[in-house]
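Asks: Numbering of the first sequence is given in numbering that gives the first Met the number 0, commencing with residue 0 and proceeding in unit increments. The structure follows.
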Amino acid sequence: MIDNKIQQAVADALKKLYNIDNAIDNVVIQKTKKEFSGDYTIVVFPFVKQAHKSPEAVANELGAAVKESLDEVADFNVIKGFLNFTVADSYWSAFADKISCDNNYGIKHADPSDAPVVIEYSSPNTNKPLHLGHIRNNLLGWSVSQLLAANGRNVKKVNLVNDRGIHICKSMLAWLRYGNGETPESSGIKGDHLVGKYYVEFDKHYKAEVKQLMDSGVEEEQAKKEAPLMVEAQKMLKKWEDGDKEIRSLWEKMNSWVYAGFDETYKRMGVGFDKIYYESNTYLLGKELVQKGLDMGVLYRKDDGSVWCDLTDAGLDQKLLLRKDGTSVYMTQDLGTALLRQQEFGADQLIYVVGNEQDYHFQVLKIVLSRLGFDWADKVYHLSYGMVELPNGKMKSREGTVVDADDLIDEMEKTAEEMCRERGKNDDMTPEQLKELYHILALGALKYFILKVDPTKTMLFNPAESIDFNGNTGPFIQYTYARIRSIVRKATGEKGLDLNSNAKSVAVNDKEREVIKLLHDVRSTVSQAAASFSPAMIANYTYDLAKAFNSFYQDTPILRENDPDRMLFLVKICNAVSLTIKNMMSILGIEVPERM
RNA sequence: GGCCCCGUAGUUCAGCUGAAUAGAACGUCGGAUUCCGGUUCCGAAAGUCGUGGGUUUGAAUCCCGCCGGGGUCACCA
Numbered sequence: 000m001i002d003n004k005i006q007q008a009v010a011d012a013l014k015k016l017y018n019i020d021n022a023i024d025n026v027v028i029q030k031t032k033k034e035f036s037g038d039y040t041i042v043v044f045p046f047v048k049q050a051h052k053s054p055e056a057v058a059n060e061l062g063a064a065v066k067e068s069l070d071e072v073a074d075f076n077v078i079k080g081f082l083n084f085t086v087a088d089s090y091w092s093a094f095a096d097k098i099s100c101d102n103n104y105g106i107k108h109a110d111p112s113d114a115p116v117v118i119e120y121s122s123p124n125t126n127k128p129l130h131l132g133h134i135r136n137n138l139l140g141w142s143v144s145q146l147l148a149a150n151g152r153n154v155k156k157v158n159l160v161n162d163r164g165i166h167i168c169k170s171m172l173a174w175l176r177y178g179n180g181e182t183p184e185s186s187g188i189k190g191d192h193l194v195g196k197y198y199v200e201f202d203k204h205y206k207a208e209v210k211q212l213m214d215s216g217v218e219e220e221q222a223k224k225e226a227p228l229m230v231e232a233q234k235m236l237k238k239w240e241d242g243d244k245e246i247r248s249l250w251e252k253m254n255s256w257v258y259a260g261f262d263e264t265y266k267r268m269g270v271g272f273d274k275i276y277y278e279s280n281t282y283l284l285g286k287e288l289v290q291k292g293l294d295m296g297v298l299y300r301k302d303d304g305s306v307w308c309d310l311t312d313a314g315l316d317q318k319l320l321l322r323k324d325g326t327s328v329y330m331t332q333d334l335g336t337a338l339l340r341q342q343e344f345g346a347d348q349l350i351y352v353v354g355n356e357q358d359y360h361f362q363v364l365k366i367v368l369s370r371l372g373f374d375w376a377d378k379v380y381h382l383s384y385g386m387v388e389l390p391n392g393k394m395k396s397r398e399g400t401v402v403d404a405d406d407l408i409d410e411m412e413k414t415a416e417e418m419c420r421e422r423g424k425n426d427d428m429t430p431e432q433l434k435e436l437y438h439i440l441a442l443g444a445l446k447y448f449i450l451k452v453d454p455t456k457t458m459l460f461n462p463a464e465s466i467d468f469n470g471n472t473g474p475f476i477q478y479t480y481a482r483i484r485s486i487v488r489k490a491t492g493e494k495g496l497d498l499n500s501n502a503k504s505v506a507v508n509d510k511e512r513e514v515i516k517l518l519h520d521v522r523s524t525v526s527q528a529a530a531s532f533s534p535a536m537i538a539n540y541t542y543d544l545a546k547a548f549n550s551f552y553q554d555t556p557i558l559r560e561n562d563p564d565r566m567l568f569l570v571k572i573c574n575a576v577s578l579t580i581k582n583m584m585s586i587l588g589i590e591v592p593e594r595m
């Protein structure tokens with residue numbers, strides 16, 4: 000890449016002119032701001048002291064030396080301490096020619112023999128359907144997986160289903176009490192929603208019991224513990240852990256409903272996994288680890304039988320690892336699954352896509368793992384993301400203001416349909432094709448809107464704004480893509496252009512140059528985004544590219560170009576842009592339509 | 001209260017391994033247009049980068065204090 004070459008050439012010149020060694024790391028090369036002339040800029044301030052000359056003098060000397068040594072550098076200019084290089088048209092034009100038909104441009108393929116990076120995401124509870132928060136999780140998890148893979152990492156996507164615990168018992172108990180044998184088949188309700196319904200049901204009755212107890216003079220805290228439903232649920236959990244046949248079979252039945260429902264939603268979202276873990280299979284391993292920790296003296300047992308880890312010396316609190324009745328908690332099972340995963344995959348890195356309300360949990364997890372003597376504890380990385388809020392306020396599951404994932408997708412598809420109908424330009428498409436298109440647009444809008452925001456930040460999701468066909472949105476990029484494809488089709492069809500033939504070197508104007516420069520940056524963008532696990536970087540890059548293309552297209556009469564060499568060149572740019580948009584969108588997990 | 005995260009145009013967000021006059025989008029206002037597609041393009045107005053210090057040739061970016069918002073400190077997961 001020419002930017003690296005310039006950087007190296009500057010470092011060489013620094014050595015030659017001023018005897019400054021190993022300057023390469025201090026040579027910051029950046030794209031020249033558009034109000035100045037040039038393509039790449041070097042800031043010379045860091046070297047003026049050692050060079051004993053004014054910034055302008057240093058810049059001029061460096062510029063001359065680099066221009067001399069690199070054929071691709073056509074010219075340079077100096078403004079204050081900024082040295083701007085102009086790269087020759089021939090370089091840009093040859094570059095565009097080279098990448099114009101490369102389907103994998105920007106993508107680096109993984110070596111399957113590398114130690115994998117294992118990424119866990121989704122991790123649903125089986126007692127309620129997926130909601131907007133899960134959507135952010137799933138989209139991030141999938142996209143980061145694609146991103147790492149596009150940067151040459153061997154990625155394994157895993158899902159850890161929280162299929163056991165007191166919360167599951169609550170749904171089961173409520174179903175037994177109030178369900179009258181209702182099933183997804185009998186009720187027509189999607190499995191995960193049905194089970195979720197009984198979880199809510201439990202909460203309703205439980206609250207009533209607590210209130211009753213409190214009315215009769217019991218303290219709130221005690222009432223919460225003593226409410227008959229809660230006591231019953233605790234008993235059920237114990238029975239479950241003891242392997243009670245009846246409980247287990249009910250548990251299996253209700254879980255199977257939930258899984259069927261989840262699968263449907265995953266499919267709609269376009270996410271998937273290489274392996275699914277179930278906590279019911281792994282939590283015992285966690286208990287063994289706790290025993291090991293006790294033997295090692297890293298953990299301790301309280302008088303009531305509960306097991307704890309003292310983290311006060313690390314500035315944290317004491318953490319419970321086993322309840323007094325011997326049943327395991329969240330941390331216990333996470334210890335177990337981490338070990339299992341490490342053993343199975345020999346992972347190079349273990350990434351957990353989990354909300355930032357669990358930052359503390361992962362801090363503790365890493366410390367406990369390392370105290371248990373696992374040197375791979377520092378391979379654990381918590382990819383923490385912020386909450387999703389809505390224009391009308393916060394989501395609270397307790398207040399019933401959650402946005403259900405299925406409902407939201409339905410809603411988005413409906414909106415996409417309305418907007419397409421308004422335009423009325425898809426009359427030639429079959430109903431099936433239209434349905435597919437609405438789905439692609441709806442999901443594109445949703446995914447893009449969520450992924451373009453930095454994961455760590457609390458974000459505001461505005462459904463109406465997301466599906467706008469204008470501005471920094473998924474549909475805008477999808478539209479741009481479809482339009483480019485249409486141009487390329489016309490050029491290769493009616494005009495009979497052969498994209499595989501070599502383009503002659505042509506003069507490159509500013510708009511063309513801007514687009515080619517963006518294309519030129521793809522690799523470095525992808526590797527930077529992968530290093531910081533940031534699909535947002537990819538999203539914003541892709542938008543810039545689409546916008547630059549539109550601006551270029553606006554005042555470049557591609558299909559009316561008289562010079563066949565130039566027309567070929569321009570269409571090659573179109574093709575390269577469309578391929579790159581497609582690749583970048585695919586990292587985001589977003590499909591692009593060939594026509595819309 | 002302890003610890004963690006966040007605070008950038010009216011709004012939603014970029015920029016955060018320090019560098020030129022802090023960028024987009026939406027909204028507002030004003031223009032343009034016979035490629036294929038008014039779902040496009042160009043321009044304008046709009047910012048004490050929460051606040052006060054510090055480091056530096058240079059700070060939205062790094063460090064410290066304060067203010068504001070959120071999270072977390074469960075025998076829930």
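Quick reminder that beta carbons are idealized off the backbone N, C-alpha and C, glycines included. Everything numeric in this text was worked out from a predicted model, so none of it was measured.
Just to check my reading of the structure: valine 65 and alanine 10 have Cβ atoms closer than 8 angstroms, yes? What is that Cβ distance to the nearest angstrom?
Replies: About 10 angstroms; that fails the 8 angstroms criterion.
Asks: Can you tell me the Cα-Cα spacing of serine 92 and alanine 506, whole angstroms?
Replies: Whole-angstrom Cα-Cα distance: 8 angstroms.
Asks: Taking Cβ positions, are leucine 587 and serine 142 nearer each other than 7 angstroms?
Replies: Their beta carbons are under 7 angstroms apart, which means leucine 587 touches serine 142 by this criterion.
Asks: Which runs of the beta strand (DSSP E), 3 residues or longer, sit entirely within the region 355-395?
Replies: Whole beta strand (DSSP E) segments, 3+ residues: 379-384.
Asks: If you run the structure through DSSP and keep just helix, strand and coil, what is serine 248?
Replies: The answer is helix: DSSP assigns serine 248 an H, G or I state.
Asks: Less than 7 angstroms between the beta carbons of isoleucine 118 and isoleucine 350, yes or no?
Replies: Yes, Cβ-Cβ distance for isoleucine 118 and isoleucine 350 is below 7 angstroms.
Asks: How many angstroms separate the CA atom of cysteine 308 from the CA atom of lysine 234?
Replies: Near 26 angstroms, if we compare the C-alpha coordinates of lysine 234 and cysteine 308.
Asks: Three Cβ pairs or more, each shorter than 8 angstroms: is that satisfied between the region 536-551 and the region 476-490?
Replies: Yes, since at least three Cβ pairs between the region 536-551 and the region 476-490 fall closer than 8 angstroms, the two stretches touch.
Asks: Compute the beta-carbon to beta-carbon distance between lysine 155 and lysine 274, rounded to the nearest angstrom, for a pair I have assumed lies under 8 angstroms.
Replies: 7 angstroms between Cβ atoms; contact.
Asks: With a threshold of 8 angstroms, are at least 3 pairs of Cβ atoms found where one atom belongs to the region 525-533 and the other to the region 548-566?
Replies: No: the two stretches stay apart, fewer than three of their Cβ pairs being nearer than 8 angstroms.
Asks: Excluding sequence positions up to five away, which residues of its chain have a Cβ less than 6 angstroms from the Cβ of valine 440?
Replies: Strictly speaking, residue 440 in this sequence is leucine, with valine absent from that position. Within the same chain, leucine 440 has close Cβ partners Ala415 and Pro474.
Asks: Who are the Cβ neighbours of alanine 58 in its own chain at under 6 angstroms, not counting the five residues just before and after it?
Replies: The residues are Val43, Val77 and Leu82.
Asks: Per the contact definition of three or more C-beta pairs closer than 8 angstroms, is the region 185-203 in contact with the region 122-137?
Replies: The answer is yes - the region 185-203 touches the region 122-137, with three or more Cβ pairs under 8 angstroms.
Asks: Where are the beta strand (DSSP E) runs, 3 residues long or more, that stay fully inside the region 43-129, in chain order?
Replies: Complete beta strand (DSSP E) runs here, min 3: 72-78, 81-86 and 116-119.
Asks: Thinking C-alpha only, which one of His381, Phe551, Asp406 and Ala337 is nearest leucine 442?
Replies: Nearest C-alpha to leucine 442: Asp406.
Asks: Enumerate in chain order the residues of its own chain whose CB-to-CB distance from aspartate 96 is below 7 angstroms, with the five nearest sequence positions on each side excluded.
Replies: Excluding positions up to five away in sequence, the list reads Asn501, Ala502 and Lys571.
Asks: How many angstroms separate the CA atom of glutamate 60 from the CA atom of isoleucine 515?
Replies: Their Cα atoms are separated by approximately 29 angstroms.
Asks: Does the pairing of the region 101-119 with the region 147-154 give three or more beta-carbon distances under 8 angstroms?
Replies: The region 101-119 vs the region 147-154: in contact.
Asks: Per DSSP, threonine 555 is paired with what?
Replies: In the DSSP output, where bridge partners are listed per residue, threonine 555 has none listed.
Asks: Run the CB neighbour count on arginine 484, radius 10 Å, all protein chains shown included, and call it buried at 16 or more, exposed below.
Replies: With 16 or more Cβ atoms within 10 Å of its Cβ, arginine 484 is classed as buried.
Asks: CB glutamate 200 to CB alanine 226, shorter than 7 angstroms?
Replies: No, they are not a contact pair.
Asks: Taking contact to mean at least 3 C-beta pairs separated by less than 8 angstroms, is the region 365-374 in contact with the region 132-139?
Replies: Short answer: they don't touch.
Asks: Return yes when at least one heavy atom of the ligand HEM lies under 6 angstroms from the C-beta of valine 9, else no.
Replies: Questions concerning the ligand HEM fall outside what the structure shown contains, since it holds no ligand whatsoever.
Asks: What does the Cβ neighbour count give for serine 523, buried or exposed, with the cut at 16 atoms within 10 Å?
Replies: Answer is exposed; the Cβ neighbour count stays below 16.
Asks: Pick out whichever of Tyr540, Ala490 and Ala404 has its Cα sitting closest to the Cα of serine 121.
Replies: It is Ala404.
Asks: Decide if glutamate 398 is buried, meaning its Cβ has at least 16 other Cβ atoms within 10 Å, or exposed.
Replies: For glutamate 398, the pLDDT reaches just 48, beneath the cut-off of 50, and the residue's location in the model is therefore unreliable, although a value from the coordinates is still provided. Glutamate 398 is exposed by the Cβ-count criterion.
Asks: Can leucine 498 and asparagine 574 be called in contact, C-beta distance under 7 angstroms?
Replies: Yes.
Asks: Per DSSP, serine 327 forms a beta bridge with which residues?
Replies: Serine 327 pairs with Leu321.
Asks: Measure the C-alpha to C-alpha separation of aspartate 262 and tyrosine 198 and round it to an integer number of angstroms.
Replies: Answer to the nearest angstrom: the Cα atoms are 20 angstroms apart.
Asks: Nearest by alpha-carbon distance to threonine 555: which of Met330, Glu511, Leu16 and Glu240 is it?
Replies: That would be Glu511, whose Cα lies nearest to the Cα of threonine 555.
Asks: What number of angstroms, rounded off, separates the C-alpha of glutamine 49 from the C-alpha of tyrosine 17?
Replies: Cα to Cα, glutamine 49 sits roughly 7 angstroms from tyrosine 17.
Asks: Identify which residue in Arg176, Arg594, Pro592 and Leu569 has its Cα closest to the Cα of cysteine 100.
Replies: Comparing Cα positions, the closest option is Leu569.
Asks: Would you mind sorting phenylalanine 46 into buried or exposed? The rule is 16 or more other CB atoms within 10 Å of its CB.
Replies: That one is buried.
Asks: Give, in chain order, every unbroken run of the alpha helix (DSSP H) that is at least 4 residues long and sits entirely within the region 242-315.
Replies: If we require 4 residues or more, the alpha helix (DSSP H) runs fully inside the region 242-315 come out as 244-268 and 278-295.
Asks: Looking at the unbroken alpha helix (DSSP H) that takes in lysine 516, where does it start and where does it end?
Replies: From DSSP, the alpha helix (DSSP H) with lysine 516 extends over 509-519.
Asks: Measure the alpha-carbon distance for threonine 31 versus aspartate 520 and round it to whole angstroms.
Replies: Their Cα atoms are separated by approximately 13 angstroms.
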